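Visitor: Each residue of the sequence shown is one higher than the one before, counting from 1 in the UniProt record's numbering. One structure, pasted below without further comment.
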Amino acid sequence: MIRLNQLVRLYEGHIRLHVDQLTLAPGLILLVGKNGAGKSTLLRLLATADFPDGGEISYLEGTVKDQLPQIRSRIGYVPTDVELHEDMTPIRLMNYMCLLKGADPPQGEQLLRELHLEDVKRKRIGSLSQGMKQRLAIGQALLGSPRYLLLDEPLNYLDSIERKTVIRLLYRHARGCIVLIAAHELNEWQEADQLLWLNAGRPEFYGTPGAWRQVPLGVWQGILPHADACPFDEACVMIRKLVGDHIEWRVFSRECPAPGFVQVPLTTEDAYFIRSRRLL
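Structure follows, in structure tokens:
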């Protein structure tokens, strides 16, 4: 596990991240929040790519101050702006990273197969698509079976099939390890073990997705004739779509908001909209 105690990171004299007390347990943890909420800052600190201005982070191996090399040897990290050696080939990069991480080269070959990169493993990385580069970045982070896997928007550039491939791979790796993933498409991670919500640099929720979805509002869908004015509180409207001369609505409400509307299951993303808009 990872323990954060009185963690503070500043930017131009202002607090960018402030965590009083937080313990991250093994499993897949979904990290959510608006842009600028502190998600990337937290991942960088946990990956030891940056250091706090105050407080302490403790891992199973110890603190960053006392056991930095050992901690880094157990970390896999993919930032949003990851850069690969574009003149290398995927197989050469994986072999090189195996050497750095003390991993067995066959693991690199296996990951290339699982991530559907075997056909391009001898092509120059600079010639690959963004989706292929993203999968390669994830693959190199998985080398050595890291105890702490930290990924910032890992599904960027991936099509629907490859997204499912990566999600399955990460769920499997999360057994007994901490996999912390910053994401915007929350409904793709329905089987996450925990969800951590950062708001304005501070944790506002850490718990199971089931607990996250326990909100007092329901989600209702229905169709109404087109009107110039919105018949609902704008803050409670999630989706409005023009269908002929009518509008299809998806809104949050404690009870049926209009005749003919039906209640639908509330998703993880629905709960995010409700919480982030302070509709509780």
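By construction, the Cβ of each residue, glycine as well, lies at the ideal position given by its N, Cα and C atoms. The model shown is predicted, which means the values in this text are computed figures rather than measured ones.
Tell me where the alpha helix (DSSP H) around D270 begins and ends.
Guide: Segment 268-276, the alpha helix (DSSP H) holding D270.
Visitor: Candidates I247, P209, E234, G207: which alpha carbon is nearest L224's?
Guide: L224 has its Cα closest to that of I247, out of I247, P209, E234, G207.
Visitor: Which whole-angstrom value is the C-beta distance of Q214 and I29, which I expect to be below 8 Å?
Guide: Rounded, the Cβ-Cβ distance is 18 Å, inconsistent with contact.
Visitor: Please report the distance separating the alpha-carbon of L111 from that of K65.
Guide: Distance between the alpha carbons of L111 and K65: 33 Å.
Visitor: Apart from the five residues on each side of it in sequence, which residues of its chain come closer than 8 Å, Cβ to Cβ, to D87?
Guide: Excluding positions up to five away in sequence, the list reads R124, I125, G126.
Visitor: Within the chosen definition, does the segment 6-22 reach the segment 185-193 through at least 3 CB pairs nearer than 8 Å?
Guide: No, the segment 6-22 is not in contact with the segment 185-193.
Visitor: The beta strand (DSSP E) spanning T203 covers which residue range?
Guide: First, the residue type needs correcting, since residue 203 is Pro and not Thr in the sequence shown. Per DSSP, P203 belongs to the beta strand (DSSP E) from 202-207.
Visitor: Within 8 Å (strictly less), CB to CB, does E269 reach chain B?
Guide: No chain B appears in this structure, which consists of one protein chain only.
Visitor: Roughly how many angstroms separate the alpha carbons of P79 and R44, rounded to a whole number?
Guide: Cα-Cα distance, rounded: 8 Å.
Visitor: From the DSSP output, which residues share a beta bridge with L180?
Guide: DSSP output for L180 lists I29, L150 as bridge partner(s).
Visitor: Please determine, among G54, R74, E109, Q140, the residue with the shortest C-alpha to C-alpha distance to G62.
Guide: G62 has its Cα closest to that of R74, out of G54, R74, E109, Q140.
Visitor: Give me the DSSP bridge partner(s) of V237.
Guide: DSSP lists V251 as partners of V237.
Visitor: What residue range is occupied by the uninterrupted alpha helix (DSSP H) comprising R135?
Guide: Start and end: 130-142.
Visitor: Give the range of the alpha helix (DSSP H) segment to which Y171 is assigned.
Guide: Where Y171 is concerned, the enclosing alpha helix (DSSP H) stretches over 160-173.
Visitor: Give the single residue among L31, V82, L198, H18 whose Cα lies nearest to the Cα of A49.
Guide: Checked all of L31, V82, L198, H18; the closest Cα to A49 is V82.
Visitor: Apart from the five residues just before and just after V237, which ones in its own chain have a Cβ nearer than 6 Å to its Cβ?
Guide: Closer than 6 Å at Cβ, skipping near neighbours: V251.
Visitor: If I measure Cβ to Cβ from P52 and keep anything under 7 Å in the same chain, skipping five residues before and after, which residues do I get?
Guide: Excluding residues within five positions, the ones whose Cβ falls inside 7 Å are L7, V8, R9, L45.
Visitor: Suppose contacts are defined by Cβ-Cβ distances below 8 Å. Is R277 in contact with G218 by that definition?
Guide: In this structure, G218 does not lie closer than 8 Å to R277 by Cβ.
Visitor: Taking buried to mean at least 16 other C-beta atoms within 10 Å of its own C-beta, is C256 buried or exposed?
Guide: Its Cβ having fewer than 16 others within 10 Å, C256 is exposed.
Visitor: Would you mind stating whether S40 and A192 have Cβ atoms separated by less than 8 Å?
Guide: Contact: no.
Visitor: Assuming the contact rule is C-beta atoms closer than 8 Å, A141 and G76 should be a hit. Round their C-beta distance to whole Å, please.
Guide: That belief holds up - the Cβ atoms of A141 and G76 are roughly 4 Å apart, short of 8 Å.
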